[in-house]
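Trainee:
Numbering (our numbering), first residue to last: 41 to 240.
1. Go ahead and pull the three-state DSSP assignment for residue 101.
2. For residue 151, report the span of its alpha helix (DSSP H) as first-last.
3. With C-beta atoms as the reference, is residue 120 less than 8 Å away from residue 151?
4. Might you give, ordered along the chain, the residues of its own chain that have their beta carbon closer than 8 Å to the beta carbon of residue 100, omitting 5 neighbours on each side?
5. Okay, do the region 83–91 and the region 137–151 touch, 3+ Cβ pairs below 8 Å being the bar?
6. Just to check my reading of the structure: residue 227 and residue 153 have Cβ atoms closer than 8 Å, yes? What is that Cβ distance to the nearest angstrom?
7. What's the call for residue 92, buried or exposed, on a 16-neighbour Cβ count within 10 Å?
8. Give every residue of the same chain whose Cβ lies closer than 7 Å to the Cβ of residue 217, excluding the five residues on either side of it in the sequence, and list them in chain order.
9. Per DSSP, residue 132 forms a beta bridge with which residues?
10. When you compare only the Cα positions, how much space is there between residue 124 and residue 215?
11. For residue 236, which residues of its own chain have a beta-carbon under 6 Å away from its beta-carbon, when the five flanking residues on both sides are left out?
12. Could you pull out every residue in the same chain whose Cβ sits closer than 7 Å to the Cβ of residue 135, ignoring the five residues on either side in sequence?
13. How close, in whole Å, do the beta carbons of residue 155 and residue 110 come, if the pair is a contact with beta carbons under 8 Å?
14. Thinking C-alpha only, which one of 231, 94, 129 is nearest residue 118?
15. By the 10 Å Cβ neighbour count, where 16 or more other Cβ atoms means buried, how is residue 189 classified, buried or exposed?
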C-alpha cells in the first residue's frame, strides 16, 4: 500500500463522527478552542479538496475559507489558550506557556498565510496545480489528523523535508493559492508537532 493511499485512508477516517467523541466532556475555554480548531480543520479539508482537484475550484469559496481561518489565527487563537488551561480532554501541552513568543509567532503566521491565500484566490489555474500531489504530514495535521505521521511510517513533516526548523515557518511570500496553502499547512504542522499531544 502506497503512502498516498494511506494518506487518503487516514483523511477519510478524520471525517468519521469518532472525531467528535474525542472532544466530548470539554467545558469552558477548552471546549471553545476545540470547537475553533475543529472549524479551522474543516476549512482546511475543504481547501485541500479544491486545491488538489478533488472538488471544483471556486475562488470565492477559497477566499471565504481562508478569511475564516485568518480570523481564527493571531490574537483570536491566543485568547483560547490562557495560562494553565489544561483541563481534560485538552490536547494542548504545557510547553505552550513556556514558549509564549514562539507560540504567538506561529498563531500570527496562521493569519498571515491565510490572508495570503485569500488574496491569491483569484488564480484558479494555480489552485488546480496541486492535483495529484500527496498529502504531507503537515497538511494532515492542519486538517485535524493526529495519526498521519505514524500511518506513514514516520515520514518527515514538510518543514523537516525542507531542512527547516519547526520553530519558524517561512515568510508569507506566496503569490498563488498552492504556495499559500502549503505555507499555511507548514505553520499548522509546526505548531501541532510541538504544542499538541500525540493521541494515537
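For every residue, glycine included, the Cβ atom is placed at its ideal position computed from N, Cα and C.
Mentor: Short version:
1. Within the chain shown, numbered from 1, the residue matching residue 101 stands at position 61. Helix at residue 101.
2. Mapped onto the chain shown, residue 151 falls at position 111. Where residue 151 is concerned, the enclosing alpha helix (DSSP H) stretches over 140–159.
3. Against the chain shown, residue 120 aligns to sequence position 80. Against the chain shown, residue 151 aligns to sequence position 111. It is not a contact, given that the beta carbons lie outside the stated cut-off.
4. Sequence index remark: in the chain shown, residue 100 carries index 60 (1-based). Same-chain partners within the cutoff: 161.
5. Touching, no.
6. If you number the chain shown from 1, residue 227 lands on position 187. If you number the chain shown from 1, residue 153 lands on position 113. At roughly 6 Å, the Cβ-Cβ gap stays under 8 Å, so residue 227 and residue 153 are in contact.
7. To locate residue 92, count along the chain shown from 1; it is residue 52. The residue is buried, with at least 16 neighbouring Cβ atoms inside 10 Å.
8. The residue labelled residue 217 in the question sits at position 177 within the chain shown. Same-chain partners within the cutoff: 91, 102, 157, 160, 161, 163, 166, 167.
9. On the chain shown, position 92 is the one that residue 132 refers to. Answer by DSSP bridge pairing, in chain order: 236.
10. As a working mapping, residue 124 is identified with position 84 in the chain shown. As a working mapping, residue 215 is identified with position 175 in the chain shown. Near 39 Å, if we compare the C-alpha coordinates of residue 215 and residue 124.
11. If you number the chain shown from 1, residue 236 lands on position 196. Answer for residue 236: 131, listed in chain order.
12. The count along the chain shown starts at 1 and reaches residue 135 at position 95. So the qualifying residues of the chain are 234, 235.
13. To locate residue 155, count along the chain shown from 1; it is residue 115. To locate residue 110, count along the chain shown from 1; it is residue 70. Contact holds; Cβ gap of about 5 Å.
14. Within the chain shown, the letter at position 78 stands for residue 118. Out of 231, 94, 129, 231 has the C-alpha closest to the C-alpha of residue 118.
15. Reading the chain shown from its first residue, position 149 is the one you call residue 189. Any reading at residue 189 must be qualified, since the residue scores a pLDDT of 36, below 50, and its modelled position is unreliable; no value is offered.
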